[in-house]
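Contents: one structure, followed by commentary.
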Amino acid sequence: MGIKDGKFVALVRKIEAMENRMFQSPLHKDPRLGELLALYSKRAEHQDRIRSLKRQIQATQDLLQLEELKCRKRVLRRLGFTTADDIVDVKGRVACEISTGDELLLTELVFNGVFNALEPEQCAALLSCFVFDVKSEHPAQLKEELASPLRTLQEIARRIAIVSKESKLPVDENQYVSSFKAELMDVVMQ
């Protein structure tokens, strides 16, 4: 052909080397070569289909998470943790600093001044509801000095659950409210 380009010559040599390797392969003379190629082709198609389905699953999961994110943002806006423009407000910043317990409920308790009227022992007893999660068969019999703050906590928890449900988050109102156990309150108070 008379082509003297170095890249072209190198490419022709690579092709020749690959052809030599192909002819030396034990499969080249195998009578089942056509059948094996068809099986390999099917396998490659199946792998492409699997990759495609995985991408679809991931896209669907991303969409579901995006939908949940929108619902959660709606809850934060309705409770006053963010502005209408989704900018974190003071209440939201306080909630960000809380690392234990239910951040929304604790922040609501703080901003509603629930702890202002309580003695330190009562505060500790009320906060025990956020860390105690053992199921008890016998409901706690609390004195009024503890029952009143507990009722306030439960009312605010119920309001958060209602706002969450209205924002299309799957929340069981009664289960959420009852997740704050009062059995340790009396012990902490003493």
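When we follow the working numbering, the leftmost residue of the sequence shown carries the number 248, and every step to the right adds one.
Even for Gly, the Cβ is constructed at its ideal location relative to N, Cα and C.
Just so we're clear, the structure is a prediction, and the values are computed from it rather than from any experiment.
Residue i at chain D interface by Cβ criterion, 8 Å
i: Gln369; result: Absence of chain D from the displayed structure is noted, only one protein chain being present.
Given residue i as reference, the closest of the options once Cα atoms are compared
i: Val381; options: Ala331, Phe255, Gln308 and Met432; result: Met432
i: Ser425; options: Cys318, His293 and Ala387; result: Ala387
i: Val361; options: Ile345, Val335 and Ser395; result: Ser395
i: Val434; options: Ala372, Arg406 and Arg296; result: Ala372
i: Thr399; options: Pro417, Ala364 and Val378; result: Ala364
i: Val341; options: Val357, Ala331 and Asp332; result: Val357
i: Phe379; options: Glu430, Asp336, Glu350 and Ile345; result: Glu430
i: Gln422; options: Lys415, Leu274 and Ala408; result: Ala408
i: Glu232; options: Pro417, Lys428 and Phe427; result: With the chain covering 248 to 437 only, the question about residue 232 has no answer from this structure.
i: Glu366; options: Pro278, Cys343 and Leu393; result: Leu393
i: Ser383; options: Phe427, Leu351, Glu355 and Asp295; result: Phe427
Residue i burial status per 10 Å Cβ neighbour count (16 or more: buried)
i: Gly339; result: buried
i: Gln369; result: buried
i: Phe328; result: buried
i: Ala285; result: exposed
i: Cys376; result: buried
i: Ala257; result: exposed
i: Asp419; result: exposed
Euclidean distance between Cα positions of residue i and residue j
i: Gly281; j: Lys301; result: 30 Å
i: Met436; j: Gln401; result: 19 Å
i: Gly253; j: Glu292; result: 37 Å
i: Glu263; j: Leu311; result: 53 Å
i: Glu413; j: Tyr287; result: 53 Å
i: Leu326; j: Lys289; result: 55 Å
i: Lys251; j: Phe270; result: 27 Å
Rounded Cβ spacing between residue i and residue j (contact assumed at less than 8 Å)
i: Lys415; j: Cys318; result: 5 Å
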